[in-house]
Amino acid sequence: ATGAITLDPGYKNSGSCQSKITFLDGEEGILRYRGYAIEDLADKANFLEVSYLVIFGELPTKQQLAQFETDIHKYTLVNEEMKNIIDGFPKTAHPMGVLSSLTSALTAFNPKVVNVENEKEMYEAVCKTMGKFLVLATWTYRKSSGFPLNYYDNTKGYVENFMRLMFELPTGPYKINPVVVNALDKLFILHADHEQNCSTSTVRMVGSSHAGLFASISAGVSALWGPLHGGANQAVLEMLEEIQKDGGDADKFLAKAKDKNDPFRLMGFGHRVYKNFDPRAKIIKKAADEVLAELGVNDPILNIAKRLEESALQDEYFKSRNLYPNVDFYSGIIYRALGIPTDMFTVLFAIGRLPGWIAQWKEMRVNKEPIGRPRQVYTGYALRPFTEMNQR
Ligand code: SDX
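full-length UniProt numbering puts the first residue of the sequence shown at 36, with every later residue one more than the last.
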């Protein structure tokens with residue numbers, strides 16, 4: 036894990052890549068950002084600090100972190116004409132679809148191509164993306180709820196602003212709960228990067244054609260939306276609510292998940308890489324207990340989740356396939372306790388993953404990686420003669 040590895044030269048166009056950002060070991064359940072253990076970062080750092088680490092490679096000094104936040108503040112205003120775009124969506128539009136469109140639309144208002152060789156320009160693009168994406172992400176909720184759109188308050192913290200942008204009404208100031216801010220900070224940190232997952236690989240692939248940063252992030256949002264990926268946190272809550280409505284029998288749904296004739300899968304379980312416990316799930320499960328206790332929330336859904344987990348961990352089908360709870364299994368329970376609407380859960384995943392997408396896009400471009408071009412194994416027809424219409 037500390038020594039350099041060599042990839043065969045063919046890796047360049049095989050879709051795999053070299054990266055210095057995140058190390059994970061699926062067998063051991065290890066996750067590190069720039070060499071730092073996720074457990075330490077979640078416990079001792081805040082989200083902007085970890086965003087700086089993931090993007091620029093080092094933990095910031097106090098001054099660097101303060102400057103980073105000040106520089107983000109330069110770009111927290113979104114062009115008022117963006118409201119014409121969001122007004123074009125029906126209230127029923129899923130927030131992820133709106134967010135992907137708004138992020139791509141940022142290119143129209145910031146057409147300057149990012150010169151990644153120019154550190155100042157790259158830094159400006161990072162701060163612009165961190166500032167505007169958060170505002171647009173909350174506008175998707177405000178639009179669907181019919182509330183007026185809020186503006187970032189540069190006198191308040193990044194995660195505090197998320198809660199204000201989401202819930203502050205013209206009728207009075209939103210009361211910030213430090214327990215909520217601390218829980219969200221930890222959750223965003225745990226989502227910040229995860230090596231070459233589906234949405235990050237999408238951001239790298241789109242960026243490899245030298246498409247802009249906003250367009251690449253927009254593609255990442257779309258990939259994350261899928262229920263097999265970031266959309267799983269919403270699907271977990273919908274599954275737990277279905278179990279609750281059905282009488283709360285977790286084992287009945289465990290049996291459904293094992294039935295090959297039933298397309299039902301246990302959402303929040305399994306992972307392409309972790310064939311052991313997802314280290315993030317362990318931290319989030321502990322945080323769920325703490326946050327619900329601190330907020331005095333007794334959510335029966337949490338008890339159903341714990342029963343489902345206990346049964347699955349003892350079940351031969353799940354054990355033999357190394358199916359453990361992943362990052363999405365418990366995160367939705369915390370979001371629900373914080374009053375976040377279910378269809379916004381994946382938007383919160385995107386807010387957390389944003390620094391990872393930016394970092395990976397930047398690394399790919401600075402490394403001058405070639406345009407992505409995965410190869411294939413052709414399994415179609417060999418050459419055959421043309422068939423005239425009257426012979427088909
Ligand atoms: C994320 O890549 C990342 O890093 C992603 C992520 C990140 O931070 O970016 O970690 C975030 O996307 C987490 C995953 C969230 N998705 C879900 O929780 C959706 C439910 N999980 C599954 O759909 C599935 O586990 C995947 C998609 C996550 C992984 O699928 P794999 O590794 O391709 O596994 P598979 O589909 O090949 O399944 C292997 C076996 C199959 O049974 P057999 O054919 O061997 O009999 O396990 C079964 C599957 O049917 N299986 C499940 C299951 N997941 C796999 N059976 C029931 N429930 C499940 N959840």
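Yeah, the Cβ is synthetic: ideal placement off N, Cα and C, and Gly gets one too.
Computed from a prediction, not measured in an experiment: that's the story for all the values here.
- The beta carbon of residue 382 sits closer than 7 Å to those of 130, 131, 134, 172 and 175, all from its chain and outside the five residues before and after it, given in chain order.
- When 256, 315, 84 and 374 are compared, the shortest CA-CA separation from residue 63 is found for 315.
- In the structure shown, residue 388 adopts helical secondary structure according to DSSP, grouped into three states.
- Residue 298 and residue 288 have their alpha carbons spaced roughly 12 Å apart.
- Per the Cβ contact rule, the segment 363-377 is in contact with the segment 213-228 (3 or more Cβ pairs under 8 Å).
- Within the same chain, and ignoring the five residues on either side of residue 378 in sequence, the residues whose Cβ sits closer than 7 Å to its Cβ are 129, 130 and 269.
- The criterion of a C-beta distance shorter than 9 Å is not satisfied by residue 68 and residue 83.
- Remark: fewer than three beta-carbon pairs, one from each stretch, lie closer than 8 Å, so the segment 147-155 and the segment 95-106 are not flagged as touching.
- For residue 327, the enclosing alpha helix (DSSP H) stretches over residues 314-329.
- In the DSSP assignment, residue 87 falls within the unbroken alpha helix (DSSP H) covering 82-91.
- For residue 278, the enclosing alpha helix (DSSP H) has its first and last residue at 267-280.
- At a threshold of 8 Å, residue 301 counts as near the ligand SDX, since its beta carbon sits closer than that to one of the ligand's heavy atoms.
- When secondary structure is reduced to three states using DSSP, residue 378 falls in the helix class.
- Using a cutoff of 8 Å, the CB of residue 419 does not count as near the ligand SDX, since none of the ligand's heavy atoms is closer than that.
- Among the bridge pairs identified by DSSP, residue 59 is matched with 66.
- Not one heavy atom of the ligand SDX falls within 8 Å of the beta-carbon of residue 137.
- For residue 271, the CB contacts under 7 Å within the same chain, skipping 5 residues up- and downstream, are 302, 303, 363, 364 and 367 in chain order.
- CA-to-CA, the gap between residue 275 and residue 423 works out to about 56 Å.
- The ligand SDX approaches residue 313 closely enough that one of its heavy atoms is under 8 Å from the residue's Cβ.
- Sixteen is the threshold: when 16 or more other Cβ atoms of the shown chains lie within 10 Å of the Cβ of residue 319, as they do, the residue is buried.
- For the 9 Å CB-CB criterion, residue 121 and residue 184 form a contact.
- Of all C-beta pairs linking the segment 248-260 to the segment 408-422, fewer than three are shorter than 8 Å, placing the two stretches out of contact.
- Assigned with DSSP and collapsed to three states, residue 372 falls in helix.
- Annotation for residue 108: 189 place their beta carbon closer than 6 Å to its own, counting only its chain and skipping 5 residues before and after.
- The Cβ atoms of residue 242 and residue 400 sit closer than 9 Å to each other.
- Looking only at 111, 355 and 148, the smallest Cα-Cα distance to residue 196 is reached by 111.
- Per the DSSP secondary-structure output, residue 304 pairs in a beta bridge with 360.
- In this structure, the C-beta of residue 271 approaches the ligand SDX to less than 8 Å from one of its heavy atoms.
- Setting aside the 5 residues that flank it on each side, residue 239 is surrounded in the same chain by 395 and 399, each with a C-beta closer than 6 Å to its C-beta; the list follows chain order.
- In this structure residue 139 is in contact with residue 250, their Cβ atoms being roughly 6 Å apart against a cut-off of 8 Å.
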